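Comments concern the structure below.
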Amino acid sequence: MGLSHQINQQADLTAGKSQLIDGFQRRVNYLRLSVTDRCDFRCIYCMSEEMTFLPRQEILTLEEIAFVAEAFTQLGVTKIRITGGEPLVRNNVMSLFNRLGKLNSLNELVMTTNGSRLEKFARPLKEAGVKRINISLDSLREDRFKAISRTGNLRDVLKGIETASEVGFERIKINSVIMQGKNADEILDLVNFVREKNLDIAFIEEMPLGNISDHQRKQSYISSDIIREKINQVFPLQSPLAIMPSLAASSAGPAKYFTMADSDSRIGFISPHSHNFCATCNRVRVTVEGRLLLCLGNEHSVDLRAVLREYPGDMAQLKATIMTAMKIKPKSHEFDLNDEPQLVRFMNHTGG
């Protein structure tokens, strides 16, 4: 009854609104939408080796996920990124991509994947309307790739990248989590790889989500500034604002990009520790169990699954709940590098 009362109380206030504004006057126009917590990898920074996944009745159906996506687009969201876990392990997930690709007000349908199934799915994804894809790749050495992913096969990912390149997405970006003692000596190798393949890359500071046993994050942490300087010594980086003012804004994400004079590849840095990007945050997440997560680094959230199942098919109720939730979006995350993470949920449960 409390939830119903709150929704009804907000219904008149939200009627006719076309965008989401939080309490700090930030416009939310980017949704990261998880379709599964399952993955065929067990990356050491993302989850534990032995995982317990959500039972089927606790996760949203593909129809419910599509309904949530439609609600957000009606509220002014113009970009949706499909995440997991690994999105392509979800049964019949292409039916969701095909449906989302037909949303008239959606400018960008994009996806993050580990690349293991791209050889099969790249072309159907492009045909469904996916414009850009991010592919996780933390090492170019088979033994290291296996050690970091635990269950992944580097050759499958490289084949997936090749197929995706042939299909012709607008852009393909490699995501690399760099860790001291794991892959920090491959920074330039990864830059050379994307230059050769005409791809982009984003180097990501490891985020303290979930209790991991493989390493201590405080010891493995390497800042974006150090990575950038290593690259800059070999490939001088230019601020895109000096040559292409629209470049930074076009990504609609947390990465800060740089360019190189002799390459079309863009080098990005996602720096939740060293360069907090919260002031310009324009995104929220919906986890696969229907939890509207207002911040990656906090637990502020609203249960959309309860609304979907108490009021099936009621778009007005769902939209009112989403708009009300904007009031609790926090100003910033609370990440730090303590050995014990503040947030016990793993990245695969969070959604990309």
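Going by our numbering, the final residue of the sequence shown carries number 360, and the count climbs one at a time with no gaps. Each residue gets a CB set at the ideal place from its N, CA and C atoms; glycine is no exception. All values derive from a computational prediction rather than experimental measurement.
{"Query": "DSSP beta-bridge partners of Asn183", "Result": "Ser144 and Ala210"}
{"Query": "Counted within 10 angstroms of its Cβ, other Cβ atoms place Asp193 as buried (16 or more) or exposed", "Result": "exposed"}
{"Query": "Beta-carbon spacing of Asn100, Leu70 below 8 Å", "Result": "yes"}
{"Query": "Given Leu117 as reference, the closest of Phe153, Arg158, Val85 and Pro262 once Cα atoms are compared", "Result": "Val85"}
{"Query": "Span of the beta strand (DSSP E) around Arg291", "Result": "Arg291 to Val294"}
{"Query": "Met119, enclosing beta strand (DSSP E) - first and last residue", "Result": "Glu116 to Thr121"}
{"Query": "Exposure label - Glu213; buried when at least 16 CB within 10 Å", "Result": "buried"}
{"Query": "Whole alpha helix (DSSP H) elements within the region 29 to 114, 4-residue minimum", "Result": "70 to 82 and 101 to 108"}
{"Query": "Own chain partners of Gly93 with C-beta closer than 6 Å, once the 5 adjacent residues on each side are dropped", "Result": "Thr44, Asp45, Arg46, Cys47 and Asn356"}
{"Query": "First through last residue of the alpha helix (DSSP H) which encompasses Gly137", "Result": "Segment: none, Gly137 is in no alpha helix (DSSP H) and carries neither H nor E."}
{"Query": "Per DSSP, cross-strand counterpart(s) of Ser309", "Result": "Leu301"}
{"Query": "Where the alpha helix (DSSP H) containing Thr288 begins and where it ends", "Result": "Element bounds for Thr288: n/a, residue is neither H nor E."}
{"Query": "Length of the line joining the Cα atoms of Ser103 and Met119", "Result": "15 Å"}
{"Query": "CB contact flag (Ile186, Ile235, <8 Å)", "Result": "yes"}
{"Query": "Through-space distance from Gly276 to Lys190, alpha-carbon basis", "Result": "20 Å"}
{"Query": "Contact belief for Lys134 with Gly176 at Cβ below 8 Å, rounded distance in angstroms", "Result": "7 Å"}
{"Query": "N- and C-terminal bounds of the alpha helix (DSSP H) containing Ile235", "Result": "Ser232 to Val242"}
{"Query": "For Glu150, the three-state DSSP class (helix, strand or coil)", "Result": "helix"}
{"Query": "Cβ shell of Gln188 (< 6 Å), same chain only, five flanking positions each side left out", "Result": "Ser228 and Ile230"}
{"Query": "Gln82 versus Phe105 - alpha carbon distance", "Result": "18 Å"}
{"Query": "For Val315, the nearest candidate out of Ala328, Glu307, His308 and Cys303 (CA to CA)", "Result": "Ala328"}
{"Query": "Pairwise C-alpha distance: Val292 and Leu326", "Result": "15 Å"}
{"Query": "Any non-hydrogen atom of the ligand MG within 7 Å of Leu28 CB", "Result": "The ligand MG is not part of this structure, which contains no ligands at all."}
{"Query": "Close Cβ partners of Ile73 (< 7 Å) along its chain, the five nearest in sequence each way excluded", "Result": "Leu41, Val43 and Leu104"}
{"Query": "Residues of its chain near Glu150, where Cβ-Cβ distance is below 7 Å and the 5 sequence neighbours each way are ignored", "Result": "Leu162"}
{"Query": "Buried versus exposed call for Val294 [16 or more other C-beta atoms within 10 Å across all chains shown]", "Result": "buried"}
{"Query": "Strand pairing of Thr267, partner residues [DSSP]", "Result": "Gln246 and Arg274"}
{"Query": "Beta-carbon contacts of Met268 that lie in its chain and below 8 Å, excluding the five residues immediately before and after", "Result": "Arg203, Phe243, Pro244, Leu245, Gln246 and Ile275"}
{"Query": "Beta-carbon separation (whole angstroms), Ala172 vs Leu108, contact threshold 8 Å", "Result": "The pair is not a contact, with the Cβ atoms about 18 Å apart (cut-off 8 Å)."}
{"Query": "CA-to-CA distance, Cys303 to Ser340, given in whole angstroms", "Result": "8 Å"}
{"Query": "Cut-off 6 Å between Cβ atoms - residues of its own chain near Phe49, not counting five sequence neighbours on either side", "Result": "Asn122, Ser157, Thr159 and Gly160"}
{"Query": "Neighbour-count burial assignment, Leu28, 16 or more Cβ in a 10 Å radius", "Result": "buried"}
{"Query": "Buried versus exposed call for Thr91 [16 or more other C-beta atoms within 10 Å across all chains shown]", "Result": "buried"}
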